[in-house]
Structure formats: C-alpha cells, structure tokens
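*Asks:* My questions will all concern the structure given below.
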Amino acid sequence: MSVALCLQNISRHYIKDGKDFTAVSSVDLEVQTGEFLTFLGPSGCGKTTTLRMIAGFETPSSGEILLDGENITKVPANERDMGFVFQNYALFPHMKIFDNVAYGLKIRRETTDSIKKKVHEALAMVGLENAEGNYPNQLSGGEQQRVALARVLVLRPKIILMDEPLSNLDAKLRLHMRTEIRRIQRDLSLTCLYVTHDQKEALTMSDRIMVMQRGHIEQLGSPFDLYDDPASPFVADFIGQANLIPGTLVSKNGDYGIFNVNGKNIQARLGKQNPPEVGKEALLVVRPENLSFASCSENAIPVKIVNTLFEGDKIDYHVQVQGIADKTYSMGIPFLPGMQILDVGLEREASFVPQAGVIIRR
Amino acid sequence: MVKSSEKNDLVTKFTVFALWMAMGVFVVYPLVRLLGVTFWVDGHFTFENLKPFLDNWYDRRAIVNSIVLATAVGLTGTIIGFIFAFAVTRLSMPAWLKFAISAVTLLPLISPPFTSSIALTLSLGPNGILLQFFGLDNFNFYGFWGTYISETLTYFPIAFMTLTTILLRIDPNLEDAAYSLGSSPFNVFRTVTFPLAAPGLANAFLLVFSCSLADFATPQVLGGHSFPVLPTQAYLQITGMYDFKGGAALSFLLIIPALIVYGLQNFWVSRRSFVTVTGKAGGRSSIKGPGPLITAVVLGTVTFISAFVLYLYSIILIGSLIKVWGVDNSLTFENYHYVFTFGSKAIKDTLIIACVGTPIGGLLAVLIGYVTKWLKVKGHKTLETISLLNYTLPGTVVGIAYIIAFNDKPIVLTGTVYILIAAYVFRYSSAGIRNVIASLTQIDPSIEEASTSLGASSAYTFWKITVPLVLPAVMAGMKYLFIHSMTAISATIFLVSVHWSLITTRILECMTELQFAQACAFSIVLIIIVFIASGVMSLIAKTVCPVGNSTGGLR
C-alpha cells in the first residue's frame, strides 16, 4: 500500500477573545491508499479543524500537507481534487439533484453525454436513480446525504473527506448509512477520512481510528487495538465503556502484571502502548461486560452493589470497590432466563480473566 | 489557471474602484458640498448661515414643530402598528382576515405620499364630507392635526411590519412557559411578550419618527402657513427664494436628528435585542389568548383603522370619478382623460426613470454585497455604511445636496434625467443592499465550501451558487426601488425640470391648484401601475427562483 496523504507536524492556532488558542497541535499522520481512517474525539478536540485543513478550507499555522508526495499546503481548495461531505449536506438548494451532482463535472467541462452517464452511475450507486428531477428540499435527510455523497463520488476524487455526515440522521438510518458508506468505499477502494464523535460509528466503519483530544493525537490504531490496548485513560474511557480502577503495579511477569487494589492482588495484561512502571500508581482497565460475580475466583475484587439497572439483554450493576468510595463501577451481567437480580447493598466479588484486564499508566 | 485568476483580480479591482467612485460622486460629494455651502463662507468656517434660522421665531418654530410632529407620529404609529401586529400574530383569526389586514396596511406603503392627504382634505377640509356629515363648520383641519393624522395613517404600516417580524420571532414556548407557570394572559403579555418586543418597539418608533421627520409631501399639502416644518421650509427657501445657503442650513438642521436616530438604532436598540432567529418555531397553541377584554380592544382598533384606511382610498377612487367634489357629483371619466393627455408625459417619464433605475439598483445591491460580504475588501464596513447613507438622510436633504452639488462644475446634471435616476438609485437601493447583505450572511458557509471543494473558483461559486441564492433578496430590493421610484417626492421635488417631470410632482401641482379630482385620478393611475409592476416583479421572481427564499443548508 502506498501513502496517499501525509500530515507533517500540522498545527493550527487561533486568536480567540484576545487569547491564543491551539485547535490542533503537532499532528503527524500517514494515510494509506484505500484506507478508511476515522478522526474520533469529543467536540472541540480539533478533528474537524484537521479535516478542514486537509480540504483546504483552513490553512495550517505550521506544518505541511502532502498529497501523493506533493506539497499541497498552499494549494487552494478548488484545486486539491478532494471530495468533502458536510454534516448539513450543503446541497445547492436552488439546483435539482441532477445539477447538484453534475456541478463538479460541469466545472471540469466534460461533455453533456459524459456528464449524464456519470451522474446516472453515481446516483445509482447511492440508490437514488429516480431523484434526478427533484430539488433537495423534496428529499428526506438520508436521501440528501446520499446525494451529497454522490456529488463527490462522481468526481472520483483522490480522497473523500466526511465531516460527521450521519449526525443529522435518525438512529436507524444512521446504522443503515454506516454500512452503505463502507460498502461504497470498499467497492471503489476509496481513500476516506471520516470525522465523528460517535465511537460506535468509528469502531464499526474504520480500518484505523485516530483518537484526538485537545488538539493532539491520543492514539492511532485499528479499532481492535484501541479497544484491546488503550494508550491512555482517555482512550480507554472514550472507546466503549471502561472501568478505570486505581491501584499500584506490584510486579511484572512477561506480558502480565500483578496489580494491587486496596490490598488485594490481581493479575492482568500489561498495556503495550504505554506500559506502567513497577511500584508506581497505575490504572486497571476492565470492561463492564468482562466482569462477573464469582465466589471462588482468585482474580477478584470485593465490591458492594449500590444500584441495579435492568436493561433487558443484561443487568447493569453499579458497584463500589472498598477503599475507593467516591467512584462507582459498572458490571454488565448477561441476563439469562430464571436469573435472580441481586439486591442493592449486597457484597460480592467481581472477577475477570487476566486477559480481559489491562494495566496502563495513570 | 494563474491567468484567469489574474483577470478576475483585475475585474474585482475595477469593481471595487467603480463602486467607490459611484459612492464618492453620488453620496459623499453632494453631502460635502451641502456642508460646504452651510459652513463655508468666503473661505472660512462659520455658523453665520445657521444663525437666521435659530434666531428667527418662525423658523425656530419649524424645528420645534418637526420634532413634536415626528414624536407624536412616532408614538401613535408605533402603538397602532403594535396593535395590528399583535392582532395578526397573537389572535386566532382565519387566514383570509389576516391577509386582508396585511393588504390594508400595504396600501399606504405603495401609494404616493399624498393619498391620505388628499382623502383627508376631501373629508375634513373645507366642505369636507365628514364635516358636513357631523355638522362641524369651524373645524380647522390644516396644521398640526391634519398632518399628524395623515402621517400616522401613512407610516404606521412601517411599524406594523417591523413589529410583526419581532412578534413572530418570539419563541411561543416562552409564552407557553409563562402560562404553565401560572401567569394570567395579561401578565404573560406584561412580563414576557412586551419586554421581548421592547427593542422592536423602540426600533419601530425610531423608523416612524424619521419617516415623519423627513416627510415633505404631507406637511406641504396639509401643514399650511401656520404649521411650518423643516422640510417645507427648506423647500420654500430653495424654490421660492433661490436661497441655496438657507436651504442648505435648514437641511443641516434636519440631518442632526436623523443622525441621532440612526445612532440610536445601530448602537442602542440593536444591543438590547434578546429576540433571535432560532429557526425552529414551535407550534403556537390556540387555546390561550390575551383574554376577552384585550381581544375586543385590539380587534375594535384594527377594524376601525382598517375601515378608515379603506374609506380614504374609496374617497380617492370616487373623487377621481366625479366632476367637482361636493359641488357637482356627477360621474365622469374626464379626469382620467386629463391624466392620459396632459399627464402622459409625466407617466412616461416616471416609468422610464423607474425602469432604468431598477436594474441599476439591483446590480448595485449585488455588487455592494459581493464587495463587502464576499470579498471583504479593505474598508468594506465604510463602503456599506456609505452605501446606506443617502437612505438614512431625509429625502429633502438628499435633494438639496444633489441640486447644490450637480448645479455647477465639475459635474452638471440638473435638468437631466440622470440626476433623478441617480437620486433614486443611491437612495432606494438601500433595501436591496440590506437584503442582499442579510441573505449573504444567512447562507451556510458550507454551501460555498462545497462548491469550492468540487473544483469551482471563487468567482464561479459567486455567480453560480451565491447569486441565485440571494436573487429573491435582490428581487425584493428591486421591487422596493421601483415602487419608491414611482411614488417618492421629497428628494426629487428639487430635481424635476421642464424636460423630466414625475407623476408625484404633477399630483402636488394639482393639489396646490385645487384640482382635487385630477389629483385623485393621478393617484389611482399611479397605484394601479405600482400594483401591476409589483405583481409582474413577483411573477418574475417566482420563475427565476423556483425554490423561493431558501438560503439554509439543511432546509
């Protein structure tokens, strides 16, 4: 695979209310051809700014952007050959769907026949063959978003950039569009950069995810890596749900470590991204679905149930660990027929297999 | 690529230069000349020219009268406008009734400024039918009361339009919240609706105030000698005594309150507005209402005033169809015959001027919008302000400034059609300019970014995306310009000549020669032309912009 896009030490500063504000700081990134890469992070983390700098809507304060090895940092947006899909679709309200999709082709001065053919193809690809004669406001939100997609697909750009394209759609449609976008991206082997704050969306769609916080990269890796081996408490908490239990790393033994929680020693994997040091305070990351109540397990922490939420497929127990009174942790116990829901106030032991826990630096 | 962008750059530079030139010649230069004539005598600065008007009892009264009249008209107009706006936005009434009320309030806005004056003269003047009906003989209608009633009826629709927008924009959920917190209908009005509408009320008052302050036509017809105001005094000074210095000095006295109003509107009212466009108006529940008493009062006022406005317009229509008002009431078409023979030149001239000026004004609005909001060239704020300056100033001031500026070298335009067109274009494009700028600000930036990222150049994006999106705004602005080119008088009364006359000046002539029937016929013809023209322009707007005014990204 070749490198399609390369960000080298990209930063963006603003002057906001007289104060210097860093939206993006020193971001380095290499995007492979045909890759689906997602920028994930909470609002204000700099993901959209990064995407807009790649598109050419904003200029980096420092750093360089290379497209196919060519420096495009100062190339205007309309000469970059990238497709941008907007959160609010940004269809031209005064043009019919056909003209919206044909817009870029007309600028390229393609022949009428070729434009017609390509617009048909692009609309067929998103399943909107019959919408050509409509105006954007006659379509539903999901349809409008598909037109917006067709409008950039028709140009076969080197890279497609998408800025939270599904956030204005209802939940069901969002799930459907996830698979649609991914299917089209695979069929055409498009290089795609995707911005979202929805971690589920990121996990299901991406080849790789770049988690951002406060303008810098927290972790870059495949969805599995991020979930299995988070580099920081932030990533652990942001990707999926995680219990972060504080304690001390007692000793290391190969890939595993002994972790002390309030006097009780338990075994878990050592984080590879950001391994903690022996004798230092660290965090144990363990997912709610990996915890279970077991009376005779070695790898267990004594807990007290403080709340129970019945969620249908599972029971969400909120528990407190002795000695860490100000925090509650979550245990997701699958609900099986005939199961008894435990009462609030009971004391039990929460156990997990050593592979399911990761010890990371605090 | 480089070549084309260089060419664009040249075109852009030329556009900016041309706009500054136009603004310089037709806005700044006349004003500078006006101030020069006012304050510059024999090569030095002096207040000498102002002195006679501040010392002279009669002229000092003109100042006081102007302010008192404008305040009275402003207050009454705002109250009536608010009652109308409240009725349309807060009372449940069938759609056709709302439409009828809006139509009645629209009439004074598109009529020549004399319409209500003529009708009032025929009703309350000597031999007026209302006076005869009530048996009042000694009622002197000329002076403050006549002017006040007429101006209030003419200008309250402006307050109505401003306040309707404001009341519509107040989120109904706020009022619902107050109701559900236990507030009585009157208390909801007192504690929620009214405070939120207060900045709008202030703005409406200032608008009506400045309209009354600048109004020339009504006091000219109804004021009489006993009730001088600044615009009529200035007119007298210039056309009666050929005293440019005196006229200029009186204009300057008019500029001061106009600028104060402008300052208040821009720096005081605008900062106190809580009402914002949220874009998602909740459904207005129909159960609540302001209570039977308020409803009755509001509906009573609306009915009475609407009926009175309709009555005035029917007086004009009847007046145009009978021989001599109150003396020989037999039906005749003679007056229309008169209009189409002796008045045909005025009609033709007015139409030519309006038809030439309207597209120029539309282009001006687009270019100003392009330069100030799109290119944001250096000094774009100043350019925007200057482009609206002629509108901010009272028409009389603009007219006097034009006649002073273009009467001698280096630019001689008096007596030509160009001075009339220029006066209209640079004064009444304001609506178009504001509309275009407002709708440019409303366009979601992502729409333009989408165009750019699809490969379009900046200029291509502007002409293919932005212009079509602001076209409804431009068309509305052109309609406004056309209507005012047909009906305005205060600025152009100074600028007409033997070669180029206007329908409005002909109406004024008829009024001063007591040819009421002909004046009525002229008014009716003018109103019909304006109606047809605005209908045609709405039709054009509909065909050019089939999706209507849609500048949003989402919807």
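As given, the protein sequences belong to chains B and P, one line each in that order. Take the first sequence: its position 155, counting from 1, is numbered 154 in numbering that gives the first Met the number 0, and each next residue is one higher. Take the second sequence: its position 106, counting from 1, is numbered 105 in numbering that gives the first Met the number 0, and each next residue is one higher. Glycine included, each C-beta is placed from N, C-alpha and C at the ideal position.
Check each candidate in B:Lys157, B:Leu165, B:Tyr328 and B:His93 and name the one with the smallest Cα separation from B:Val2.
*Replies:* Locating residue 2 of chain B in the first sequence gives position 3, counting from the first residue. Of B:Lys157, B:Leu165, B:Tyr328 and B:His93, the residue nearest in Cα terms is B:Lys157.
*Asks:* Relative to the alpha-carbon of P:Lys463, which residue among B:Met94, B:Leu172 and B:Leu165 has its alpha-carbon at the smallest distance?
*Replies:* As a position in the second sequence, residue 463 of chain P is number 464, starting the count at 1. Closest by alpha carbon: B:Met94.
*Asks:* What alpha helix (DSSP H) runs, 4 residues minimum, are completely inside the stretch 409–473 of chain P?
*Replies:* Within the stretch 409–473 of chain P, the runs of alpha helix (DSSP H) at least 4 residues long that lie entirely inside it are, in chain order, 416–427, 429–441, 444–452 and 457–460.
*Asks:* Could you please tell me which residues of the stretch 447–467 of chain P, in chain order, have their CB closer than 9 Å to any CB of chain B?
*Replies:* Glu447, Glu448, Ala449, Ser450, Thr451, Ser452, Leu453, Gly454, Ala455, Ser456, Ser457, Tyr459, Thr460, Lys463, Ile464 and Pro467
*Asks:* If the cut is a Cβ gap below 9 Å, which residues of chain B does P:Ser537 touch?
*Replies:* Counting from one through the second sequence, the residue named residue 537 of chain P turns up at place 538. Per Cβ cutoff of 9 Å: no residues; P:Ser537 is ~18 Å from chain B at best.
*Asks:* Compare the C-alpha of B:Asp98 against each of P:Leu453, P:Lys541, P:Ile531 and P:Phe521 and name the closest.
*Replies:* Along the first sequence, one-based indexing puts residue 98 of chain B at 99. Of the listed residues, the one whose Cα sits closest to B:Asp98 is P:Leu453.
*Asks:* From P:Lys279 to B:Leu160, what does the alpha carbon distance come to, in whole angstroms?
*Replies:* In the second sequence, counting from the first residue as 1, residue 279 of chain P sits at position 280. In the first sequence, counting from the first residue as 1, residue 160 of chain B sits at position 161. Per-residue confidence for P:Lys279 stands at a pLDDT of 40, beneath the threshold of 50, marking its modelled position as unreliable; the derived number appears in the next sentence. Taking the straight line joining both Cα atoms gives about 29 Å.
*Asks:* Using C-beta distances below 8 Å, list every residue in its chain close to P:Glu447, excluding the 5 sequence neighbours before and after it, in chain order.
*Replies:* The sequence position of residue 447 of chain P within the second sequence is 448, counting from 1. Once the five neighbours on either side are set aside, the close Cβ partners of P:Glu447 are Thr460, Ile464 and Thr465.
*Asks:* Using the beta-carbon of each residue, which ones in chain B are nearer than 7 Å to P:Asp443?
*Replies:* Within the second sequence, numbered from 1, the residue matching residue 443 of chain P stands at position 444. Those are Asn87 and Ala89, listed as they occur along chain B.
*Asks:* Just to confirm the assignment, what range does the beta strand (DSSP E) spanning B:Asp315 have?
*Replies:* In the first sequence, the residue the question calls residue 315 of chain B occupies position 316. Residues Lys313 to Val320.
*Asks:* With which residues is B:Phe38 paired in a DSSP beta bridge?
*Replies:* Here residue 38 of chain B refers to the residue found at position 39 when the first sequence is read from its first residue. Beta-bridge pairing links B:Phe38 to B:Val194 and B:Met209.
*Asks:* Taking C-beta pairs closer than 9 Å, name the residues in chain P that B:Asn77 reaches, listed in chain order.
*Replies:* For this step, residue 77 of chain B is matched to residue 78 along the first sequence. By Cβ distance, chain P contributes Ser450, Thr451, Ser452, Leu453, Gly454, Ala455, Ser456, Ser457, Tyr459 and Thr460.
*Asks:* Could you give the DSSP three-state label for B:Ala299: helix, strand or coil?
*Replies:* Residue numbering aside, residue 299 of chain B sits at position 300 when the first sequence is read from its first letter. Residue state, collapsed to three classes: strand.
*Asks:* Return no unless some Cβ of chain P is closer than 9 Å to the Cβ of B:Leu50.
*Replies:* Position 51 of the first sequence holds residue 50 of chain B. So, not an interface residue.
*Asks:* Go to B:Met52, then tell me how far its alpha helix (DSSP H) extends in each direction, as first and last residue.
*Replies:* For this step, residue 52 of chain B is matched to residue 53 along the first sequence. Start and end: Lys46 to Ala54.
*Asks:* What residues in its chain sit with their C-beta under 8 Å from that of P:Val276, if we drop five residues either side in the sequence?
*Replies:* Within the second sequence, numbered from 1, the residue matching residue 276 of chain P stands at position 277. Residue placement at P:Val276 is flagged as unreliable, the pLDDT there being 43, under the threshold of 50; the coordinate-derived value follows with that caveat. Contacts found: Arg168.
*Asks:* Taking only the alpha-carbon atoms, compute the straight-line gap between P:Phe226 and P:Val72 and give it to the nearest angstrom.
*Replies:* Counting from one through the second sequence, the residue named residue 226 of chain P turns up at place 227. Counting from one through the second sequence, the residue named residue 72 of chain P turns up at place 73. Approximately 15 Å, taken between the alpha carbons.
*Asks:* Does B:Met211 get closer than 9 Å to chain P when you measure Cβ to Cβ?
*Replies:* Walking along the first sequence from the start, residue 211 of chain B turns up at place 212. False, the Cβ-Cβ gap to chain P never drops below 9 Å.
*Asks:* Among P:Ser343, P:Thr451, P:Ile317 and P:Ala490, which has the Cα closest to the Cα of P:Phe332?
*Replies:* As a first step, residue 332 of chain P must be located in the second sequence, where it is residue number 333. When each option's Cα is compared against that of P:Phe332, the closest is P:Ile317.
*Asks:* Excluding five sequence neighbours on each side, which residues of the same chain lie with their C-beta closer than 7 Å to the C-beta of P:Leu18?
*Replies:* Translated into the one-based positions of the second sequence, residue 18 of chain P becomes position 19. Contacts found: Leu366, Ile367, Val370 and Leu382.
*Asks:* Does B:Val151 get closer than 9 Å to chain P when you measure Cβ to Cβ?
*Replies:* Counted from its first residue, the first sequence places residue 151 of chain B at position 152. Yes, B:Val151 lies at the interface with chain P (some Cβ there is under 9 Å from its Cβ).
*Asks:* Hey, quick one: how far does the beta strand (DSSP E) through B:Gly246 stretch, first residue to last?
*Replies:* In the first sequence, residue 246 of chain B corresponds to position 247, counting from 1. First-last of the beta strand (DSSP E) with B:Gly246: Asn242 to Asn252.
*Asks:* Check whether the stretch 421–441 of chain P touches the stretch 358–365 of chain P, counting contact only when three or more Cβ pairs, one atom from each stretch, lie closer than 8 Å.
*Replies:* yes
*Asks:* How long is the line joining the alpha carbons of B:Pro275 and B:Phe223, rounded to whole angstroms?
*Replies:* Here the question's residue 275 of chain B lines up with position 276 in the first sequence. Here the question's residue 223 of chain B lines up with position 224 in the first sequence. One C-alpha to the other measures close to 21 Å.
*Asks:* Determine the closest residue to B:Ile238 out of B:Pro245, B:Glu34, B:Leu248 and B:Asp227, with distance taken between C-alpha atoms.
*Replies:* Residue mapping note: residue 238 of chain B aligns to position 239 of the first sequence, counting from 1. Nearest C-alpha to B:Ile238: B:Asp227.
*Asks:* By the criterion of Cβ-Cβ separation under 8 Å, what are the contact partners of B:Ala121 in chain P?
*Replies:* Stepping through the first sequence from its first residue, residue 121 of chain B is reached at position 122. None at all; the shortest Cβ gap to chain P is about 13 Å.
*Asks:* Reducing DSSP to helix, strand and coil, say where P:Pro358 ends up.
*Replies:* Counting from one through the second sequence, the residue named residue 358 of chain P turns up at place 359. In this structure, P:Pro358 counts as helix in the three-state DSSP scheme.
*Asks:* Spatial neighbours of P:Ser500 within its chain, please: CB distance less than 7 Å, with the 5 preceding and 5 following residues excluded, ordered by chain position.
*Replies:* For this step, residue 500 of chain P is matched to residue 501 along the second sequence. Result list for P:Ser500: Lys344, Ala345 and Asp348, in chain order.
*Asks:* How would you list, in chain order, the residues of chain P whose beta-carbon sits under 8 Å from the beta-carbon of B:Phe83?
*Replies:* For the purposes of this step, residue 83 of chain B is taken as residue 84 along the first sequence, with counting starting at 1. Residues of chain P passing the Cβ test: Glu448, Ala449 and Ser452.
*Asks:* Is it true that the stretch 197–217 of chain P meets the stretch 95–103 of chain P, where meeting means three or more beta-carbon pairs spaced less than 8 Å apart?
*Replies:* no
*Asks:* What does B:Met81 pair with, by DSSP beta-bridge criteria?
*Replies:* As a first step, residue 81 of chain B is located in the first sequence; it is residue number 82 there, counting from the start. In the DSSP output, where bridge partners are listed per residue, B:Met81 has B:Ile158.
*Asks:* From the DSSP output, read off the bridge partner residues of B:His215.
*Replies:* Here residue 215 of chain B refers to the residue found at position 216 when the first sequence is read from its first residue. BP columns for B:His215 point to B:Gln212.
*Asks:* Just verifying my parser: in three-state terms, what is the DSSP assignment at B:Tyr255?
*Replies:* Against the first sequence, residue 255 of chain B aligns to sequence position 256. Three-state result, B:Tyr255: strand.
*Asks:* I'd like to know if B:Ile64 contacts chain P, where contact means its C-beta is closer than 9 Å to some C-beta of that chain.
*Replies:* Within the first sequence, the letter at position 65 stands for residue 64 of chain B. For B:Ile64, the answer is no, since every Cβ of chain P falls outside 9 Å of its Cβ.
*Asks:* Give the secondary structure of B:Ile71 by DSSP, where H, G and I count as helix, E and B as strand, and everything else as coil.
*Replies:* Within the first sequence, residue 71 of chain B is the residue found at index 72, counting from 1. Of the three classes helix, strand and coil, the one that applies to B:Ile71 here is coil, per DSSP.
*Asks:* Is it a yes or a no for the stretch 390–406 of chain P touching the stretch 247–267 of chain P, going by three-plus beta-carbon pairs under 8 Å?
*Replies:* yes
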